[in-house]
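In this note's numbering, the protein residues as written are 152 to 262.
The C-beta atom is built at its ideal place from N, Cα and C for all residues, glycine as well.
Since the model is a prediction, treat every value here as computed from it, not as a measurement.
Below: the structure, in structure tokens.
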């Protein structure tokens, strides 16, 4: 089930997706059109700065996992890709779930 996000990405891919999401938000803040903000370069010639922290082979592995679970798609023969609304919703649901757990913890401690 992808729409309900019963998919569990590997921890490395989750971190990779969080980096992509942060870059996406930064691009939106800087006035990029949403469609362009979702596109990332990942090939031998060009690589988005936010992805340089990952070895190329690892980044491709994480990208491929996102594609497998329908969170991204390849947009060029060179391997560039675009995250989709499933990826964005997945991260936003993770944040919401974390906040709910945090609030529940504080509530249980009467803080």
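Annotation: residue 218 to residue 172 spans about 15 angstroms, alpha carbon to alpha carbon. Between residue 232 and residue 238, the CB-CB gap reaches or exceeds 8 angstroms. Taken in chain order, the whole beta strand (DSSP E) runs of length 3 or more contained in the region 166–252 are 223–225, 232–234. Rounded to whole angstroms, the Cβ separation of residue 174 and residue 198 is 12 angstroms, and the two are not in contact under 8 angstroms. Taking the Cα of residue 191 as reference, the smallest distance to any Cα among 230, 205, 158 is reached at 230. About 16 angstroms separates the beta carbons of residue 178 and residue 193, which is beyond the 8 angstroms limit, so they are not a contact pair.
A Cβ-Cβ separation of about 6 angstroms places residue 160 in contact with residue 216 under the 8 angstroms criterion. With contacts defined as CB atoms closer than 8 angstroms, residue 205 and residue 167 qualify as a contacting pair. Take the alpha-carbon of residue 235 and the one of residue 187: they are about 11 angstroms apart. With 16 or more other Cβ atoms from the protein chains shown falling within 10 Å of its own Cβ, residue 164 counts as buried.
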